[in-house]
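Residue numbers for the sequence shown follow my numbering, beginning at 98 and rising by one.
All residues carry an ideal CB built from backbone N, CA and C; glycine is no exception.
On a predicted model such as this, the values are computed, not experimentally measured, just so you know.
See below for the structure under consideration.
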Amino acid sequence: MNSIINDRKEREEIAERRRQDEIQIAEQKRQEGIELRKLEYEERVRKEEQEIAERRGQEEIELRKQEYEERKRKEEMEFELQKYALEQKISVAQKLKLKFERAASKIYGFGNQKMSALTSIGRIKADIEVDNVKAENISIYVVPDDAQSVDLIIGRTWLDLPHIAYTKIGKRDHIGYREDELFKSFPIDERVNPVCLERLETAQSESESLHIKDSSQQKMMGNLANDLKMVKNELRLLQGDMKKFKEEQQSLLLQIQEKNKNVDNLKSNNDSLVKTNSYYVKNKSGKVLLRKGDIVAVRRKPNTTSESTKPQPRYRGPMVVTQVRPSDKYRISQLEPRNGRPYATIVHVSQLKAWRSWNEDDDDSSTNSHNEPETQRSKRTVRKPLRYGDFMPDR
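Encoded structure:
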């Protein structure tokens, strides 16, 4: 008994140790997985940082390369400008030793009228002072020495500044500040145009009048006469346009009247159709209700021959209704088969007539059918069709 209990305890202890070992192995694997994921994350972060550093290094290299190329381009441009300046002999611009910029601009109105537009070599900015009047940072275009006989020509970029004023008194040009006393109380040169007046005598009246001999007034009168002629011509053109407008207006009125006439004709035709339809609905329409076993006649197509089709029979029969189908359709078959083959088909109710009604009514093809609303005809009666039993012998 004790040995059995000891064996059971040993087995339980072995199972407990095995379970603890499995727990330790699972925990060890979990820790290893965590460490592995941590290492992978650190490796990924390190690679990303390395890529960012490489990208920044490439960007810095590209930036330094661009700066170097820009500096090289500027140096080459300056060298070309200096070379061009030496070739073009711009001695005045070289003498000033100012910053020279390349600016190939078209300069119009330079020289006489026969000269074409002059293209500038470059541009410099400098301070200009004339008669103790100073202006700063003025743009000056540089041209070759052989293009002009003077060193500098002052243009509107200097003269049109708001603080500079200039005028010509006699043969001398005066330049100064706009706030100076000279330009505040500047004398105005007034010119008086003398007018000659004469006394005129006329034979028509004894009154005296004065006439101003002014060539400008005579010219103005001539201009007024020309304007009067132009106004008369425009009035003639306007009269012609008014005439054309009246003709077009008359044409439009005729078109409107014609359209109204067409509308009246359409209304008349529509009223006639409405009247005909109401007459047909009132006097000739009648729905035939058929049942299984009714004797009917079916409309047949005329045989196309060279002769007239009026003598041909319009209906075929007698037929018997064998089946009532939806949508006002019926299956019919021949009451008396011919040549051993019975004729059967499915037709609409509009193609059928009761045998007795068709046999007794007049034919539809009337010569006065188009005058039906005016003529008084007997109202069509819908009679009860014959039954199939009427044709069968008593049993």
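Quick check on this structure: which residue in the options has the alpha carbon closest to the alpha carbon of residue i?
i	options	result
GLU198	THR373, VAL421, ARG435 and VAL239	VAL239
HIS445	LYS356, SER369, ASP425 and ALA201	ASP425
THR254	GLY319, SER246, ASP224 and GLU276	ASP224
SER217	ASP243, ALA322 and ASP228	ASP243
LYS231	ILE149, SER246, LEU215 and ARG275	ARG275
THR442	THR402, LYS407, ARG397 and TRP452	ARG397
VAL189	ARG220, GLU173 and LYS203	ARG220
Mind checking which residues open and close the beta strand (DSSP E) that includes residue i?
i	result
LEU449	449 to 451
ILE261	261 to 266
ILE272	269 to 274
According to DSSP, which residues form a beta bridge with residue i?
i	result
ASP368	Answer by DSSP bridge pairing: none, since ASP368 is not bridged.
SER236	LYS222
LEU387	The partner list for LEU387 (beta bridge, DSSP) is empty, contrary to what the question assumes.
TYR412	ARG396
SER430	VAL417 and ALA441
LYS231	GLU226
ILE493	Any answer about residue 493 is impossible in this case: the structure gives the chain only from 98 up to 492.
GLU157	DSSP lists no partner for GLU157.
LEU351	In DSSP, LEU351 forms no bridge with anything.
When the cut-off is 8 Å and only beta carbons count, does residue i lie next to chain B?
i	result
GLN163	No chain B appears in the structure shown, which is made up of a single protein chain.
Rounded to whole angstroms, what is the Cα-Cα separation between residue i and residue j?
i	j	result
PRO259	GLY267	24 Å
ASN357	SER375	27 Å
SER430	ARG422	14 Å
GLU146	LYS135	16 Å
ASN99	GLN128	43 Å
GLU175	GLU226	28 Å
LYS222	ARG168	22 Å
ASP248	ILE235	16 Å
ARG367	LEU350	Going by the sequence as given, residue 367 is Asn instead of Arg. Cα to Cα, ASN367 sits roughly 26 Å from LEU350.
SER405	ARG438	30 Å
ILE111	TYR138	40 Å
ILE131	GLN125	10 Å
Residue i and residue j look like a contact to me (Cβ under 8 Å); what is the Cβ gap, rounded to whole Å?
i	j	result
GLY390	VAL418	6 Å
LEU387	VAL393	7 Å
PRO415	LEU432	5 Å
GLN448	VAL395	6 Å
Would you give the residue range spanned by the alpha helix (DSSP H) that residue i belongs to?
i	result
ARG253	253 to 256
Measuring from the CB of residue i, is there a heavy atom of the ligand PLP at a distance below 7 Å?
i	result
PRO408	The model depicted lacks the ligand PLP and carries no ligand whatsoever.
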